[in-house]
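If you're matching positions, the sequence shown starts at 2 in my numbering and goes up one per residue. Quick reminder that beta carbons are idealized off the backbone N, C-alpha and C, glycines included.
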Amino acid sequence: MVQEETPDLVLVAGDGRAGPGGRGMTLSAADIASISGGTVVGDPSIHVSGVAIPATAGPADLVFVDDGRLLAQALVSRASIVIAGRFAENSPFHGALVLCDQPRLAFARAARQLTAPVPASPGIADTAVLDPSVQCGRDVVIGDRAVLDNGVVLGDRVHVGPGSHIGAGVRIGDDSVLRSNVVVYPGARIGSRVVVHAGTVLGSDGFGYVRDNSTGRYETFPQVGRLVIEDDVELGALCTVDRGAIGDTVIGRGSKLDNQVHVAHNVKIGRDVVIAAQTGVAGSSVIEDGAIVAGQVGIADHVVIGAGAILGAQCGVPTGKVIRGPGIVFWGTPARPIRQVLKEMAALARLAKK
Numbered sequence: 002m003v004q005e006e007t008p009d010l011v012l013v014a015g016d017g018r019a020g021p022g023g024r025g026m027t028l029s030a031a032d033i034a035s036i037s038g039g040t041v042v043g044d045p046s047i048h049v050s051g052v053a054i055p056a057t058a059g060p061a062d063l064v065f066v067d068d069g070r071l072l073a074q075a076l077v078s079r080a081s082i083v084i085a086g087r088f089a090e091n092s093p094f095h096g097a098l099v100l101c102d103q104p105r106l107a108f109a110r111a112a113r114q115l116t117a118p119v120p121a122s123p124g125i126a127d128t129a130v131l132d133p134s135v136q137c138g139r140d141v142v143i144g145d146r147a148v149l150d151n152g153v154v155l156g157d158r159v160h161v162g163p164g165s166h167i168g169a170g171v172r173i174g175d176d177s178v179l180r181s182n183v184v185v186y187p188g189a190r191i192g193s194r195v196v197v198h199a200g201t202v203l204g205s206d207g208f209g210y211v212r213d214n215s216t217g218r219y220e221t222f223p224q225v226g227r228l229v230i231e232d233d234v235e236l237g238a239l240c241t242v243d244r245g246a247i248g249d250t251v252i253g254r255g256s257k258l259d260n261q262v263h264v265a266h267n268v269k270i271g272r273d274v275v276i277a278a279q280t281g282v283a284g285s286s287v288i289e290d291g292a293i294v295a296g297q298v299g300i301a302d303h304v305v306i307g308a309g310a311i312l313g314a315q316c317g318v319p320t321g322k323v324i325r326g327p328g329i330v331f332w333g334t335p336a337r338p339i340r341q342v343l344k345e346m347a348a349l350a351r352l353a354k355k
């Protein structure tokens, strides 16, 4: 792990800012220890108001290190608080160390508080268009030129970004956020605390056609199922998730999809699944709980990816294949355990030299 890879968050170097639109809040070392279940070495009253990587940190910043090889860089930084693993217990530092078992997780939790944007004021923009039947919960925010069709139900504190279109009968749970230009087709169900980034399309018709053998022409197979997105899901920008053909397409609680991921009709994604960018999942496939799918993976139809399995980048899973093995990395096309792939590559390399 290279420390420079850490900021998936907004990083603010040295000037005490809390991030774009930040609230200007601070956290003490004691606060961070409480968040992380860690212990403080040094002054627990030291405060920070921003986050950074060690190379750019200033006196108002928090940094973290979860690899002992990178500890020295963090300790000589200007940061006031360093979150580190237990390996740093006896390390001298001019500020406060917060020692915990999961430094990256602790940093993420603290950074979310330090960089949290000021929430938008509740209200409906003058240019938004809402059908009279729309039901809005408390403290809802609806942005400019958003359109909400008949029968839409929004929970409390839902945020619908500018230019978004919410189709008829859609239900969205409390504290969910739809960024700009999100489209949700009719009938979709979106849970609570769901985040959908800009340009994503949810619940569109699946790729379903039937060929008339007598004419060679394709006719549409009705796409009348629903899309169900459970609580705490996050979808990146420009994702497309189709509704079910007859049953439902389901994305399970806590799953995270990167940008430009496509999920076809009737796919079932379990809980706490992560899928990286430009991956495509074809119809009626199942990805079970806790699986990890890297970038540009192709998953054909009627595939089963077992709980906890890991698909490496650009691997391909052919139609109907079942992949199982918690914690096992699969790679290549057709996807198979990475150790097998590496052995095959080594054998080919030896043959090429003969």
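Considering only the alpha carbon of each residue, which of the options lies closest to residue i?
{"i": "residue 35", "options": "158, 52, 111", "result": "111"}
{"i": "residue 221", "options": "228, 230, 211", "result": "211"}
{"i": "residue 69", "options": "199, 62, 84, 269", "result": "84"}
{"i": "residue 134", "options": "169, 161, 100", "result": "169"}
{"i": "residue 226", "options": "195, 131, 77, 205", "result": "205"}
{"i": "residue 255", "options": "352, 303, 203, 192", "result": "192"}
{"i": "residue 129", "options": "178, 145, 188", "result": "145"}
{"i": "residue 232", "options": "336, 201, 273", "result": "273"}
{"i": "residue 269", "options": "259, 229, 39", "result": "229"}
{"i": "residue 149", "options": "167, 118, 163", "result": "167"}
{"i": "residue 147", "options": "158, 132, 157", "result": "132"}
{"i": "residue 334", "options": "297, 188, 308", "result": "297"}
{"i": "residue 60", "options": "32, 80, 54, 44", "result": "80"}
{"i": "residue 67", "options": "185, 121, 100", "result": "100"}
{"i": "residue 238", "options": "218, 260, 217", "result": "260"}
{"i": "residue 275", "options": "282, 258, 151", "result": "258"}
{"i": "residue 164", "options": "185, 279, 151", "result": "185"}
{"i": "residue 338", "options": "353, 320, 321, 316", "result": "316"}
{"i": "residue 88", "options": "95, 39, 58", "result": "39"}
{"i": "residue 234", "options": "248, 279, 175", "result": "175"}
{"i": "residue 43", "options": "340, 113, 90, 271", "result": "90"}
{"i": "residue 271", "options": "250, 280, 281, 279", "result": "250"}
The ligand ADP and residue i: does the residue's C-beta get closer than 7 angstroms to at least one heavy atom of that ligand?
{"i": "residue 32", "result": "Ligands displayed in this structure: none; no statement on the ligand ADP is therefore possible."}
For residue i, count the other beta carbons within 10 Å of its own beta carbon; 16 or more makes it buried, fewer makes it exposed. Which is it?
{"i": "residue 93", "result": "exposed"}
{"i": "residue 180", "result": "buried"}
{"i": "residue 252", "result": "buried"}
{"i": "residue 198", "result": "buried"}
{"i": "residue 209", "result": "buried"}
{"i": "residue 77", "result": "exposed"}
{"i": "residue 215", "result": "exposed"}
{"i": "residue 72", "result": "buried"}
{"i": "residue 320", "result": "exposed"}
{"i": "residue 263", "result": "buried"}
{"i": "residue 62", "result": "buried"}
{"i": "residue 162", "result": "buried"}
{"i": "residue 96", "result": "buried"}
{"i": "residue 343", "result": "exposed"}
{"i": "residue 115", "result": "buried"}
{"i": "residue 58", "result": "buried"}
{"i": "residue 340", "result": "exposed"}
{"i": "residue 98", "result": "buried"}
{"i": "residue 353", "result": "exposed"}
Considering only residues of the same chain and omitting the five flanking positions on each side of residue i, which have a CB-CB separation below 6 angstroms?
{"i": "residue 155", "result": "137, 138, 141, 173"}
{"i": "residue 201", "result": "183, 236, 240"}
{"i": "residue 56", "result": "none"}
{"i": "residue 189", "result": "171, 203, 204, 228"}
{"i": "residue 65", "result": "84, 104, 108"}
{"i": "residue 74", "result": "55"}
{"i": "residue 86", "result": "67, 104"}
{"i": "residue 37", "result": "101, 107"}
Excluding the five sequence neighbours on either side, which residues of its own chain have a C-beta within less than 7 angstroms of the C-beta of residue i, listed in chain order?
{"i": "residue 295", "result": "277, 312, 313, 314"}
{"i": "residue 207", "result": "224, 243, 244, 246, 265, 266, 284"}
{"i": "residue 309", "result": "291, 292, 327, 328"}
{"i": "residue 29", "result": "45, 46, 47, 48"}
{"i": "residue 121", "result": "142, 160"}
{"i": "residue 213", "result": "220"}
Among the residues of its own chain, which have a CB less than 8 angstroms from the CB of residue i, if the five just before and after it don't count?
{"i": "residue 306", "result": "286, 287, 288, 289, 292, 294, 300, 312, 318, 324"}
{"i": "residue 22", "result": "Its pLDDT being 40, under 50, residue 22 is placed unreliably by the model, and nothing is read from it."}
{"i": "residue 177", "result": "156, 159, 160, 191, 192, 193, 194, 195, 196, 197"}
{"i": "residue 31", "result": "41, 45, 46"}
{"i": "residue 218", "result": "212"}
Runs of 3 residues minimum, wholly inside the region 325–351: which ones carry the beta strand (DSSP E) assignment? DSSP assignment within the region 325–351 yields the following whole beta strand (DSSP E) runs of 3 residues or more, N-terminal first: 330–332.
Note to self: Suppose only complete runs of 4+ residues qualify. What are the alpha helix (DSSP H) ranges in the region 92–122, listed by chain order?
What the structure shows: With a minimum length of 4 residues, the continuous alpha helix (DSSP H) runs that stay inside the region 92–122 are 104–115.
Practice item. Check whether the region 124–142 touches the region 47–55, counting contact only when three or more Cβ pairs, one atom from each stretch, lie closer than 8 angstroms. Key: Judged by Cβ distances under 8 angstroms, the region 124–142 makes no contact with the region 47–55, as fewer than three pairs qualify.
Residue ranges of each beta strand (DSSP E) within the region 204–229, 3 or longer:
For the region 204–229, whole beta strand (DSSP E) runs of length 3 or above, ordered along the chain, are 210–212, 219–221.
Subject >> Three CB pairs or more closer than 8 angstroms across the region 345–355 and the region 322–330 >> reply: With a cut-off of 8 angstroms, the region 322–330 and the region 345–355 do not count as touching, because too few Cβ pairs lie within range.
>> As an exercise, report each continuous beta strand (DSSP E) stretch of at least 3 residues that is fully enclosed by the region 46–85, in chain order.
In response: Taken in chain order, the unbroken stretches of beta strand (DSSP E) that lie wholly in the region 46–85 and span 3 residues or more are 62–66, 82–85.
* Start-end ranges of the alpha helix (DSSP H) lying completely within the region 230–258, minimum 4 residues -> For the alpha helix (DSSP H) assignment, the region 230–258 encloses no uninterrupted run of at least 4 residues.
- Item | 3-residue-minimum beta strand (DSSP E) runs that sit fully inside the region 275–330, ordered along the chain | Runs of the beta strand (DSSP E) inside the region 275–330: none found.
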